[in-house]
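Positions 11 to 251 (the working numbering) are the ones given, in order, by the sequence shown.
We put the CB at the ideal spot given by N, CA and C, even for glycine.
Accompanying notes for the structure given below.
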Amino acid sequence: MVPTSPSYHKKTPSTQTPTLQLNLHLITKNQNLFSNISPDRTTILIHACNTRGVWGAGVAKEMKRRFPEAYGAYRAFCLEAKEKRKGKVGDEDELVGQCMITLVPSPVASNPRPGTTTTTSKIIIANLFTRSTYGPLTPQDLDHLDSLSTTNTYTARVFNATRSSLSALLGGLVDLHTQGILNDQDIRSLELRMPKINSGRFMVDWDSTRACLEGVAVPKELGPGGWRGGVVVCCLDDEER
């Protein structure tokens with residue numbers, strides 16, 4: 011059984027030029043984010059979240075209900091980061107644009123073939139830190155957030171953070187494979203899922219978010235022999251983002 015364990019990955023410095031061969035592509039499906047998770051593959055549940063340690067609404071609230079250990083790890087990590095920021099000059103939140111990965115124990119695969127080793131399937135929670143605060147935004151809030159930067163609007167900052175944190179997630183999966191936490195079969199069987207991130211309380215247009223995500227490059231280590239960069243966007247009409 012894979013223990014619940016946070017794994018934190020910083021965004022890739024812009025000076026690096028990774029070797030890449032694929033870009034992400036999004037596949038829209040009318041399904042729930044949590045439905046029909048196969049015990050025989052590695053499922054990555056991706057969501058956008060704040061850096062304050064709060065999963066209080068929408069998909070994040072359901073994540074908290076289903077995976078309380080993952081929420082506990084996320085909250086502890088955010089509070090620890092907040093303590094480290096105390097006394098620093100400025101109010102820059104260094105977590106924005108980064109990703110926290112948590113491995114969650116899941117049921118043993120059913121009916122393993124004779125002569126094979128019985129292993130657990132893996133569910134991974136990917137916390138994309140795309141915004142520092144939480145809660146719904148009003149038009150006045152957006153005006154205020156836009157005024158905080160002379161170079162980037164609030165929406166542009168969320169876009170940048172989303173691309174950066176998703177790139178960090180992909181780099182983190184490569185690291186987990188290198189460390190042996192994910193094996194070759196795990197990589198071949200990857201299924202990445204997300205809701206229409208940022209389009210709920212973060213008030214960012216989904217079509218624009220989709221366009222920026224589909225330009226994210228996939229490390230070559232994840233592509234050969236299996237996963238080809240597809241991400242399932244789960245979009246039931248009654249699902250909050």
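Three-state secondary structure (DSSP) of residue i
i: ARG62; result: coil
i: VAL242; result: strand
i: PHE139; result: strand
i: LEU105; result: coil
i: ASN170; result: helix
i: LYS96; result: coil
i: ALA67; result: coil
i: THR53; result: strand
i: THR163; result: coil
i: SER133; result: The sequence given here places Ile at residue 133; Ser does not occur at that position. ILE133: strand per DSSP, three-state reduction.
i: VAL184; result: helix
i: LEU176; result: helix
i: LEU89; result: helix
i: LEU232; result: helix
Residue range of the alpha helix (DSSP H) that includes residue i
i: ARG203; result: Counting along the chain, ARG203 falls outside any alpha helix (DSSP H), though it belongs to the beta strand (DSSP E) covering 201-204.
i: GLN195; result: 194-198
Neighbour-count burial assignment, residue i, 16 or more Cβ in a 10 Å radius
i: ASP215; result: exposed
i: THR38; result: exposed
i: SER45; result: exposed
i: GLY182; result: buried
i: PRO205; result: buried
i: SER177; result: buried
i: ASP217; result: exposed
i: GLN108; result: buried
i: GLY2; result: As displayed, the chain neither begins before 11 nor continues past 251, which places residue 2 out of reach and without an answer.
i: ASN208; result: buried
i: ASP103; result: buried
Residue i - containing beta strand (DSSP E), residue span
i: THR219; result: Looking at the DSSP string, THR219 is not in any beta strand (DSSP E); the run it does join, the alpha helix (DSSP H), is 216-223.
i: ILE37; result: 35-39
i: VAL228; result: 227-229
Nearest-angstrom Cα separation, counted from residue j out to residue i
i: ALA166; j: SER175; result: 14 Å
i: LYS96; j: VAL226; result: 33 Å
i: GLY63; j: LEU34; result: 28 Å
i: ARG123; j: LYS132; result: At ARG123, the pLDDT of 43 sits below 50, so the modelled position is not reliable and the matter cannot be decided from this model.
i: ASN193; j: LEU232; result: 11 Å
i: THR112; j: THR163; result: 31 Å
i: ILE134; j: ASN42; result: 16 Å
i: THR53; j: TRP237; result: 12 Å
i: ARG76; j: GLY68; result: 13 Å
i: LEU32; j: LYS230; result: 7 Å
i: LYS71; j: LEU180; result: 24 Å
i: ILE47; j: CYS244; result: 13 Å
i: ALA89; j: THR188; result: The question names Ala, but residue 89 in the sequence shown is Leu. Each residue's Cα considered, the two are about 29 Å apart.
i: THR219; j: ARG203; result: 15 Å
i: LEU138; j: ALA58; result: 5 Å
i: ARG173; j: PRO78; result: 27 Å
i: ALA221; j: VAL242; result: 15 Å
i: ARG141; j: LEU36; result: 22 Å
i: ALA91; j: ASP50; result: 35 Å
i: LEU200; j: LEU55; result: 11 Å
Residue i beta carbon near the ligand GTP (any heavy atom closer than 7 Å)
i: GLU104; result: No copy of the ligand GTP occurs in the structure displayed, which carries no ligand at all.
- the region 78-90 contacting the region 50-70, beta-carbon criterion three pairs below 8 Å: yes
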